[in-house]
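As structure tokens, the structure follows; a few thoughts come after it.
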Amino acid sequence: MSIAPQADLTTTGDQREIQVTVSYLPAVASFHHRYAPETTVETVREAAMKFFGVQDRQDRDTYRYFLEIGGSRITDTSQPISNIVEHGHELHFHLVEQITPGSGW
Amino acid sequence: MNVQPYPRIDVWELDRSAIAATLAAVQRPGRDGNEGGVFWIGTRAAISVVHAVVVPSGDGVIEAVGFWRVTPEVFGAISRWAAERGWSLLGICHIHGEGVPARLSVQDRRHLVRAPGVLAVVIGSGGRDHDLERWGWYEFASAAYREIGPGERHRRLRLTDVAGVEVWTADRRGCRPAVNL
Numbered sequence: 010m011s012i013a014p015q016a017d018l019t020t021t022g023d024q025r026e027i028q029v030t031v032s033y034l035p036a037v038a039s040f041h042h043r044y045a046p047e048t049t050v051e052t053v054r055e056a057a058m059k060f061f062g063v064q065d066r067q068d069r070d071t072y073r074y075f076l077e078i079g080g081s082r083i084t085d086t087s088q089p090i091s092n093i094v095e096h097g098h099e100l101h102f103h104l105v106e107q108i109t110p111g112s113g114w
Numbered sequence: 002m003n004v005q006p007y008p009r010i011d012v013w014e015l016d017r018s019a020i021a022a023t024l025a026a027v028q029r030p031g032r033d034g035n036e037g038g039v040f041w042i043g044t045r046a047a048i049s050v051v052h053a054v055v056v057p058s059g060d061g062v063i064e065a066v067g068f069w070r071v072t073p074e075v076f077g078a079i080s081r082w083a084a085e086r087g088w089s090l091l092g093i094c095h096i097h098g099e100g101v102p103a104r105l106s107v108q109d110r111r112h113l114v115r116a117p118g119v120l121a122v123v124i125g126s127g128g129r130d131h132d133l134e135r136w137g138w139y140e141f142a143s144a145a146y147r148e149i150g151p152g153e154r155h156r157r158l159r160l161t162d163v164a165g166v167e168v169w170t171a172d173r174r175g176c177r178p179a180v181n182l
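First to last, the sequence lines map onto chains X and B.
Residue 10 is where the first sequence starts when you use this note's numbering, and the numbers rise one by one after that.
Residue 2 is where the second sequence starts when you use this note's numbering, and the numbers rise one by one after that.
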């Protein structure tokens with residue numbers, strides 16, 4: 010009996026993974042993690058926010074953190090990170106905060 | 002591997018040239034009666050050293066009476082520039098207008114960066130007050146800015162005359178060496 014070669018799904022998965030780095034200006038260390046290409050931007054955003062100890066909040070104003078890359082803020086956080094990769098398997102985001110003034114302004 | 006993002010800071014080392022560059026940078030908005038400010042950037046460690054004064058200015062920066070705002074695009078540009086050098090944000094220094102106390106306002110406390118160890122410094126009299134003793138000094142700790150009293154400040158703020166400092170301007174397009182502030 011012969012056994013047909015099997016695809017190494019684990020290896021294939023590793024090769025598809027994207028190495029994500031998120032930097033935040035006040036922090037000395039960046040957040041690093043490998044994600045599957047279909048991972049949403051929101052998943053990365055939440056993990057990075059947790060790492061840096063910040064969270065979206067609201068008082069009179071609204072404070073929301075975004076991932077930005079190359080000067081562009083990623084506002085559609087439901088999209089997979091594979092949409093953002095241009096070359097290779099790496100992404101380097103920067104975490105930034107958007108303050109939206111409330112009606113008292 | 003992820004490591005602690007905010008190592009404890011015992012001492013901030015600040016060259017007097019950084020003070021001079023800060024005061025020079027805030028003169029322009031101060032003269033117009035607006036608020037303005039700078040970022041102090043450098044190496045963060047137990048002894049943290051300010052290597053650069055970054056002056057947000059122009060596209061993506063709002064300087065107005067009663068408030069100063071740096072948009073996320075400018076913050077991102079400074080973040081990219083600092084990351085290339087292995088530097089972090091150590092402090093944010095901004096001015097209050099004539100007659101407004103050199104103390105963090107309620108709005109300042111809500112809007113400034115909320116990360117442990119970050120300094121918030123307020124210069125009064127539209128940036129014309131050169132006496133550091135009259136500036137407001139605060140550190141973000143335990144989820145809020147707390148004032149640093151004179152004793153603690155003298156202990157933890159080390160003024161030097163040797164290191165020098167780089168001065169850069171920043172807008173939404175990026176950071177550039179400052180030419181004329």
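Idealized CB from N, CA, C, for every residue including glycine.
All values derive from a computational prediction rather than experimental measurement.
Among the options, which residue has its Cα nearest to the Cα of residue i?
{"i": "Gly-111(X)", "options": "Lys-59(X), Ser-39(X), Val-53(X), Arg-66(X)", "result": "Arg-66(X)"}
{"i": "Gly-38(B)", "options": "Phe-141(B), Arg-156(B), Arg-154(B), Leu-120(B)", "result": "Leu-120(B)"}
{"i": "Arg-111(B)", "options": "Glu-99(B), Phe-141(B), Ile-124(B), Ala-84(B)", "result": "Phe-141(B)"}
{"i": "Arg-154(B)", "options": "His-97(B), Glu-167(B), Val-122(B)", "result": "Val-122(B)"}
{"i": "Tyr-146(B)", "options": "Asp-109(B), His-131(B), His-52(B), Ser-58(B)", "result": "Asp-109(B)"}
{"i": "Val-114(B)", "options": "Trp-82(B), Ala-144(B), Ala-53(B), Thr-170(B)", "result": "Ala-144(B)"}
{"i": "Val-66(B)", "options": "Gly-165(B), Cys-176(B), Gly-127(B)", "result": "Gly-127(B)"}
{"i": "Ser-89(B)", "options": "Pro-178(B), Tyr-7(B), Gly-175(B), Arg-177(B)", "result": "Tyr-7(B)"}
{"i": "Tyr-74(X)", "options": "Leu-34(X), His-98(X), Val-94(X), Gln-64(X)", "result": "Gln-64(X)"}
{"i": "Lys-59(X)", "options": "Glu-148(B), Arg-177(B), Ala-116(B), Asp-132(B)", "result": "Ala-116(B)"}
{"i": "Gly-62(X)", "options": "Asn-92(X), Glu-95(X), Ala-36(X)", "result": "Ala-36(X)"}
{"i": "Asp-132(B)", "options": "Ala-103(B), Val-107(B), Trp-169(B), Glu-148(B)", "result": "Ala-103(B)"}
{"i": "Gly-125(B)", "options": "Ile-149(B), Gly-98(B), Leu-105(B)", "result": "Gly-98(B)"}
{"i": "Arg-86(B)", "options": "Glu-26(X), Gly-79(X), Ser-32(X)", "result": "Ser-32(X)"}
{"i": "Asp-130(B)", "options": "Val-101(B), Val-55(B), Ser-106(B), Gly-118(B)", "result": "Val-101(B)"}
{"i": "Ile-78(X)", "options": "Ile-63(B), Glu-64(B), Arg-81(B), Val-62(B)", "result": "Arg-81(B)"}
{"i": "His-62(B)", "options": "Ala-83(B), His-52(B), Phe-40(B)", "result": "A small fix is needed here, since residue 62(B) is Val in this sequence, not His. It is Phe-40(B) whose Cα lies nearest to the Cα of Val-62(B)."}
{"i": "Cys-176(B)", "options": "Gly-80(X), Arg-25(X), Glu-26(X)", "result": "Gly-80(X)"}
{"i": "Gln-28(B)", "options": "Gly-150(B), Ser-58(B), Val-163(B)", "result": "Ser-58(B)"}
My assumption, with CB atoms under 8 Å, is that residue i sits in contact with residue j. Please give the rounded CB distance.
{"i": "Glu-51(X)", "j": "Tyr-72(X)", "result": "Not quite, the Cβ-Cβ distance comes to about 17 Å (not below 8 Å), so this is no contact."}
{"i": "Asp-183(B)", "j": "Arg-173(B)", "result": "Absent from the model: residue 183(B). The displayed extent of chain B is 2 to 182, so no value can be given."}
{"i": "Gly-43(B)", "j": "Leu-91(B)", "result": "5 Å"}
{"i": "Ala-38(X)", "j": "Gln-5(B)", "result": "7 Å"}
{"i": "His-101(X)", "j": "Thr-49(X)", "result": "About 18 Å; that fails the 8 Å criterion."}
{"i": "His-95(B)", "j": "Glu-36(B)", "result": "6 Å"}
{"i": "Leu-28(X)", "j": "His-98(X)", "result": "It is Gln, not Leu, that sits at residue 28(X) in the sequence shown. Correct: roughly 6 Å between the Cβ atoms."}
{"i": "Val-53(X)", "j": "Leu-34(X)", "result": "At roughly 18 Å, the Cβ-Cβ gap does not stay under 8 Å, so Val-53(X) and Leu-34(X) are not in contact."}
{"i": "Thr-109(X)", "j": "Asp-68(X)", "result": "Contact doesn't hold; Cβ gap of about 12 Å is too wide."}
{"i": "Ala-164(B)", "j": "Thr-170(B)", "result": "Rounded, the Cβ-Cβ distance is 21 Å, inconsistent with contact."}
Along chain B, in chain order, which residues have C-beta atoms closer than 7 Å to that of residue i?
{"i": "Ser-32(X)", "result": "Ser-80, Ala-84"}
{"i": "Ile-108(X)", "result": "His-112"}
Residues of chain X with a CB under 8 Å from the CB of residue i: which are they?
{"i": "Tyr-7(B)", "result": "Pro-35, Ala-36, Val-37, Gly-62"}
{"i": "Glu-74(B)", "result": "Glu-77, Gly-80, Arg-82, Val-105"}
{"i": "Ser-89(B)", "result": "Leu-34, Pro-35, Ala-36, Val-37"}
List the residues of chain X whose Cβ lies closer than 7 Å to the Cβ of residue i, in chain order.
{"i": "Gly-77(B)", "result": "Glu-77, Gly-80, His-103, Val-105"}
{"i": "Phe-4(B)", "result": "The question names Phe, yet the displayed sequence has Val at residue 4(B). Going along chain X in sequence order, the residues near Val-4(B) (Cβ under 7 Å) are Ala-38."}
{"i": "Val-119(B)", "result": "Pro-35"}
Taking residue i as the query, report the chain B residues whose CB atoms sit under 8 Å from its CB, ordered along the chain.
{"i": "Asp-70(X)", "result": "Arg-111, His-112"}
Whose Cβ in chain X lies nearer than 9 Å to the Cβ of residue i?
{"i": "Ala-116(B)", "result": "Tyr-33, Leu-34, Pro-35, Ala-36, Phe-61, Gly-62, Val-63"}
{"i": "Arg-45(B)", "result": "Pro-35, Ala-36, Val-37"}
Requested in this report: Let me know the alpha helix (DSSP H) ranges lying completely inside the segment 47-104 of chain X, each 4 residues or longer, listed in chain order.
Outcome: 50-61
Requested in this report: Determine, using beta-carbon pairs with one atom in the segment 132-142 of chain B and one in the segment 25-32 of chain B, whether at least three such pairs fall under 8 Å.
Outcome: no
Query - Ranges of the beta strand (DSSP E) found wholly within the segment 21-52 of chain B, counting only runs of at least 3 - result: 38-44
Requested in this report: For the segment 81-88 of chain X and the segment 37-48 of chain X, state whether three or more C-beta atom pairs, one from each stretch, are separated by less than 8 Å.
Outcome: no
Query raised in the report: Should the segment 17-26 of chain B be called in touch with the segment 70-78 of chain B, which here means at least 3 C-beta pairs below 8 Å?
Result: no
Query raised in the report: Three or more beta-carbon pairs under 8 Å between the segment 4-24 of chain B and the segment 76-88 of chain B, yes or no?
Result: no
Query raised in the report: Is the number of C-beta pairs between the segment 158-176 of chain B and the segment 46-66 of chain B that are closer than 8 Å three or more?
Result: yes
Query raised in the report: Enumerated in chain order, which unbroken segments of the alpha helix (DSSP H) with a length of 4 residues or greater are wholly contained in the segment 91-135 of chain B?
Result: 107-112
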